[in-house]
Structures are given as structure tokens and as C-alpha cells.
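Working notes for the structure below.
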Amino acid sequence: MWGLPSNGGEARVGGAESGSIFRKTAMGMSQKKSNVRSGQCPDRVRSLGKSRRGRSSGLEIVKRRPLSPKIFWAGCILISLVAWGMGRSGEAIPASELQGKGDLFYRQGETEPFTGTAVTQVGGKKTEAEFWQGRMHGAYRSWFANGQMEGEAYFEKGVREGRARLWNKDGQMIRETRFREGLPDGPATEWYPNGTMERRTSWRAGKRHGEVETWFASGKRKGVGNYDQGERSGTFVVWWESGKKRQETNYKKGVPTGWWVEWKENGEPEKKAYFVNGKATSGPAQGEP
């Protein structure tokens, strides 16, 4: 239906929720201004009064007022309180309140698997473990009593994944290992308290695989060898800190094969043996790198 303003303004053609808006000017009705769709019209239309015949004498466009900041924040707080009351997931609780049932953890007295952070504090040390639906999921961290981080690892649905690190009380990293599906996989490194590298190796699906190197705390090379799917393979060499060779052995699929030779620190030969299928055929041989 038509609603025509007497002194300018806009009129709506159609029902309350849809239609077209026209503006009346001194020259007559102007072109259609816009279409009004439900939920898309930013303004409200109200009557300016009634004529002598009781009809509306005009229409006025009333701009909608912006939402008050107080009302906005009150709504946010209300939503937060409702969400909190529906289930306080993500909260931190003492680890002593958790109990295992099968492969899941539950908070005592609750039937839903625990989601949140479990905290332990013993003798000044602190640990935090994140859980999701009853399984460790996210970060696991521990701290010394002096506040220095001791360890950090990550889990996905109860399985260790990614990088795991350990530090000493002075903040020096002493170990870094990578995990995949709960097993060491990738490079692994260890350090002395003075920061010097102690050992570097590589893992594949939980087994040592690839080259392994070791050093003295002084930084001098100590040993080198190779692993193949967890078994020693090829030549292993160990040195004295002076740099002189201390031991040389050979392996095939983890079994000593060929010559096994050891030297004194002054460089003199000490032991020598020849191995066939893991058994020495001549001379004594003891120890491994």
C-alpha cells in the first residue's frame, strides 16, 4: 500500500518488511531511493501526525541510534557468564584431582573427560600439563624452584609430538629431541653444562639411524659412528682428548666384524682382535665406543 508524506520525507511501497522507498519533493515524487529488505533498512519510518480527516499527514525518517558501549559490554559479560556456567572447560586444577579411567583422565566426580590444565607443585618445582577431552594435548612444561624452566614437550591426543627440550637450573639447554607419533624421529642433540655440544645423533621411528658424533666438554672430538635402523653399521672411531686414536671397530648389522683395535693414550697399541660373525678369532678385545 501507499504511505505518502505531505511535506517531503519518504514513503514505503509494500509491506512493513519489504518494498520501495520514494521521497516527495516540491516538484513531486522523486525517483525510487532504495529497496527495503527485511533486516537491511537502517532507518525507521514514523508518522508526523494526522490530518483533519484522521489520516497521516506525513512521514519522517528516524535514524537508528548506535549501540551504547555500556549495553555492548554488558552483553559480552552476560555471554561469558552463560558459557562459564554451561561448562568450565579450559580451567586449571591440581593434578591430584585427576583420575585415569582406561586411556582417559577425568576430574574426580565428573563424567566428562577433562579439558583444561593440570598443575603440580612439589618442593618448589611446578609442572603444567594441558588436556583435551581426557588426553594430554598441547604443552607440558616444568620449572625448577628458582623459576627456571626445566622441560618442555608437546602432545597431540596423548601422543608426544614435535620438539622436546630440557634445561639445567642455570638455564643452559642440555637436551633437544624431536618426536613423531610418540617416538624419537629426527635430530637429537645433547650439551654439557658449559654449553659445549656433547652428542649429536639422528633417529627414525624410535631407532637411531644415521651418523652419531660425540665431543669432550673441552669441545674436542670424542667419537663418530653410524647406525642403520638401530644397529651399528660400518666403522666406529673413538679418540683420546689429546686427539690420538683410542679405538677403532667395525660392525655389520650390529655385529662386530673385522678388526677391533685399541691404543693407549701415548699411542702404543694395546689390544687387537679380528671378529667373524661377532666372535673374536684372535687376541682379546673389550669395550665399545
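In terms of my numbering, the sequence shown is residues 43 to 331. Positions of the beta carbon are idealized from the N, C-alpha and C atoms, including for glycine. The structure presented is a predicted model; accordingly, all values stated were derived computationally and were not measured.
- Approximately 7 Å separates the beta-carbon atoms of K287 and V279; this is inside 8 Å, confirming the contact.
- Between V303 and F186, the alpha-carbon positions lie close to 45 Å from each other.
- Scanning W301, N308, W209, Q271 for the CA closest to the CA of T323 turns up W301.
- The distance from the Cβ of E283 to that of K262 is about 6 Å, consistent with a contact at the 8 Å cut-off.
- Listed in chain order, the non-local C-beta contacts of G309 below 6 Å within the same chain comprise K286, local neighbours out to five positions each way being set aside.
- By the CB criterion at 8 Å, V161 and P136 fall inside the cutoff.
- In the structure shown, A259 falls within a coil segment according to DSSP collapsed to helix, strand and coil.
- Judged by beta-carbon spacing, R202 lies beyond the 8 Å limit of F173, meaning their Cβ atoms are not closer than that value.
- Per DSSP, S138 is not a residue of any beta strand (DSSP E), being assigned neither H nor E.
- Beta-carbon to beta-carbon, W209 and D227 are separated by about 22 Å, too far to satisfy the 8 Å threshold.
- Judged by DSSP secondary structure, Y234 falls outside any beta strand (DSSP E); it is assigned neither H nor E.
- For S184, the enclosing beta strand (DSSP E) stretches over residues 177-185.
- Just so you know, the alpha carbons of K168 and T238 end up roughly 28 Å apart.
- Take the alpha-carbon of K313 and the one of Q289: they are about 9 Å apart.
- In the DSSP secondary-structure assignment, R242 is bridged to T231, E255.
- Around the beta carbon of T219, 16 or more other beta carbons lie within 10 angstroms, which makes this residue buried.
- With fewer than 16 other Cβ atoms from the protein chains shown falling within 10 Å of its own Cβ, A134 counts as exposed.
- In the displayed model, D145 falls within coil according to three-state DSSP, outside both helix and strand.
- Under the 10 Å beta carbon count, G320 is surrounded by fewer than 16 other beta carbons and is classified as exposed.
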